[in-house]
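Protein chains in written order, with our numbering: chain A, 1 to 435; chain B, 1001 to 1435.
Idealized CB from N, CA, C, for every residue including glycine.
These numbers were taken from a predicted model, which means no experiment stands behind them.
Structure first, commentary second.
Laid out in structure tokens, this is it:
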């Protein structure tokens, strides 16, 4: 095993917000920051395997273009990486599958183009599991290279956690941002469904697919949110923790959380309460435990259709994880079952939103525990599935280490389309009890 | 002016259902049918300009492969065309824009792959307006080449109307299937939102984008629906018109319909009533007239983001129609306005579904009248917008000709996710009163 995570002692340690400020002051250039990230990659990438593609010359050239343009985009000069299911005009997009090795497209996905327009440095592509489903590729957890970084946004979480790049795009259809972000000790953000344009991002299950971000500070998420959505950047509001109403949601799957995670969550609930927040136990509406069965139908039906070309033309290059998993689920599911499950989910969303009416945030586990050993399994998504299914914004904050020294996280859930408020409240919670 | 529409007197006149039956009997091959379609194209394409790409050798080779495979897919041997915003592995995908002239991708969109898997012959790409927005390309209405075929699925409607291909894919974000289908004398079908997988189809406004079909018979829609959705083919049910409850919906925009269209709709309502259906006047819930204003916000917000790469990298190749239209709408709209409009629409949907509880079908205009003269304007979408916005399945049936001899259509609306029932009822209505 190796733990390659450390403070590097270079500009690679900067968060995006710190880098933007330093660049604005004239104390740093996009090129210098990009070179610092590339140096860090040169140092540890052979142990982490976070990147599906990074071309130093291209990254530096993109950085030089930003320095030369000189205008003040909100993320000016910040290198950002993209999960390798996101289209890019100047780098291959491989989808984590041998079917698309070296595959090139003619455009940047809107999220990439928007970040470039806001001054970001398009930096490299991060490893994804096969088509952002379960089958892993080679990425290792930088905190212990014998363990999974989680998936499917494996490389994004590992790269950001190991200070190889300050911010990376991930996507979540079940638990593919929050879980790896927690496993790698980073801040992960799954926006409200529909907020980030998913055009140019490979579909998995369109009803749930959510584009999001992995970073090392909550402020960075607000910054990149503004860039991605082409909205004015509004810094996070100063929130008084004592004004927050927080629901402690152990979920129907609490028994799946290990002792350290349960203790972490209880401790965090006590701490925010001690900081003055109104903390109450929060139960999701009836039907939570069986909701995953409905999700299996919807996910399977849609994913099996999305995968049609690859199933027909390249079946021998698809993993058994994929064919026997979500594809098989989908081919078993009739149209009526699909629509019945979708109706249950739609109804469940409305009931969940109503139940959350009196709370600002929910506090809940990010994952069942530390990153599992080995890289064959990316971990249990029981603590992520419901939030993705009901489209609510979710965030994981790093919260110390578990029994074997790997990172743990706590997850906060906000109200639908109140992401800025959730991020502001999360920053306050982090400052009050986690830092 | 030229009217190039006529019965060709070859297998190009066959509907997909007729062709499937003839092929199953051994009286026709995919190759012979494909050659008949190619002959028809050779005859009139220089006047109609329906195709963005058709390579006779490739189409024939695709047909030969189907003949050779010999298995019994539900659309075995039927050539189908694809609007040129739909990805294809063996043909360019140009999006109706000079930015993507000759643009190639590595895969078939799932809808194409599914039709190939079901025995269809991937035939060619049909002309779309620029990115399926308003700016037209060169397609002409085959019933009068001085007139627009409508848009944005211009080439699909023209090709099917002129017997160049039996079935073609279209997409609708406002009125882009139903209107051109009506203008070209064809049967157009916009499925319930979400039923047809839109992966691999260029996004326009993801909240409304709907993939659908243009054909020459209602049966063909059921056949292709099964193929596209990878579901068992269930022939349409025999429906007794006298058992139908039909709401006659003149809409808030009735005054925009010309006299011939108003008369056609009144006549059709009388005829289905005379055939025994329970016909009642149907008013959409309050808010119908202002719903388009909300749609402008949502459409603009999403489309302006979808178009980010092209706006940043190829702005000089975008039309003023696009930049000053939906993109400008979107850049004016704040996030809060976007979400407020989206909430109004979501609420409106639920009220509309409730209002439709007692009816099987709504009867409403397909368009304001005949296809307008000239090709600069693809026509008014007032009679399509609301149905796309509220996600209901819609169908247009050819219904005679207007004052200048161009086709008119009547539109039928079904209940959400009851498309098979809508198609069955529509077939009965067509047989009873329109044929």
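Query: Within the segment 1195 to 1279 of chain B, ranges of the beta strand (DSSP E) (whole runs, at least 3 residues); Result: 1210 to 1215 and 1245 to 1248
Query: Contact residues within the segment 95 to 117 of chain A, judged by C-beta distance below 9 Å to chain B; Result: 99, 100, 103, 104, 105, 106, 107, 108, 109, 110, 111, 112, 113, 114, 116 and 117
Query: Cβ-Cβ distance between residue 1124(B) and residue 1065(B) below 8 Å; Result: no
Query: Reference residue 1443(B); option with closest CA among 1115(B), 1096(B), 1267(B) and 1121(B); Result: The first residue shown for chain B is 1001 and the last is 1435, placing residue 1443(B) beyond what the model contains.
Query: Contact under 8 Å by Cβ, residue 1258(B) with residue 1381(B); Result: no
Query: Residue 1192(B) (DSSP reduced to helix, strand or coil); Result: coil
Query: Contacts of residue 346(A) in chain B (Cβ-Cβ under 8 Å); Result: Chain B residues near residue 346(A): none, gap ~11 Å exceeds 8 Å.
Query: Within-8 Å CB hit, residue 1203(B) to chain A; Result: yes
Query: Beta-carbon proximity list for residue 1373(B), same chain, < 7 Å, skipping 5 on both sides; Result: 1146 and 1147
Query: Against chain B: residues of the segment 352 to 376 of chain A by CB proximity under 8 Å; Result: none
Query: Status (buried if at least 16 other CB within 10 Å, exposed otherwise) for residue 230(A); Result: buried
Query: Residue 1122(B): first and last residue of the uninterrupted beta strand (DSSP E) it sits in; Result: 1121 to 1126
Query: Cβ of residue 1309(B) within 8 Å of any chain A Cβ; Result: yes
Query: Range of the contiguous alpha helix (DSSP H) that encloses residue 389(A); Result: 382 to 389
Query: Where residue 339(A) meets chain B, residues with beta-carbon distance less than 7 Å; Result: 1417
Query: Proximity of residue 371(A) and residue 150(A) at Cβ, strictly below 8 Å; Result: yes
Query: Secondary structure of residue 327(A), DSSP reduced to three states; Result: helix
Query: Delimiting residues of the alpha helix (DSSP H) encompassing residue 1019(B); Result: 1016 to 1024
Query: Start-to-end residues for the beta strand (DSSP E) that takes in residue 83(A); Result: 79 to 83
Query: Whole-angstrom distance between residue 1276(B) and residue 152(A), CA atom to CA atom; Result: 57 Å
Query: Where the segment 227 to 248 of chain A meets chain B: residues whose CB sits under 8 Å from a CB there; Result: 229, 230 and 231
Query: Bounding residues of the beta strand (DSSP E) (the contiguous stretch that carries residue 282(A)); Result: It is not in any beta strand (DSSP E) - residue 282(A) carries neither H nor E in the DSSP assignment.
Query: C-beta atoms of residue 179(A) and residue 48(A) nearer than 8 Å; Result: no
Query: Residue 315(A) classed as buried or exposed, judged by whether at least 16 other C-beta atoms fall within 10 angstroms; Result: exposed
Query: Range covered by the beta strand (DSSP E) that runs through residue 92(A); Result: Careful: residue 92(A) lies outside any beta strand (DSSP E) and carries neither H nor E.
Query: Residue 1112(B) beta carbon less than 8 Å from that of residue 1019(B); Result: no
Query: Inside the segment 1309 to 1364 of chain B only - alpha helix (DSSP H) runs reaching at least 4 residues; Result: 1328 to 1332 and 1335 to 1355
Query: Limits of the unbroken beta strand (DSSP E) element including residue 1167(B); Result: 1167 to 1172
Query: Beta bridge counterpart(s) of residue 86(A) as assigned by DSSP; Result: 201(A)
Query: Contact between the segment 29 to 36 of chain A and the segment 5 to 15 of chain A (3+ Cβ pairs under 8 Å); Result: yes
Query: Three-pair Cβ contact test at 8 Å for the segment 176 to 195 of chain A versus the segment 87 to 96 of chain A; Result: no
Query: Burial state of residue 1336(B) (16 or more Cβ within 10 Å); Result: exposed
Query: Residue from 172(A), 122(A), 422(A) and 341(A) with nearest C-alpha to residue 294(A); Result: 341(A)
Query: Outcome for residue 1234(B) when other beta-carbon atoms lying within 10 angstroms are tallied against a minimum of 16; Result: exposed
Query: Contact with chain B by residue 82(A), beta-carbon distance below 8 Å; Result: no
Query: Candidates 1042(B), 1107(B) and 1117(B): closest to residue 1063(B) by CA position; Result: 1117(B)
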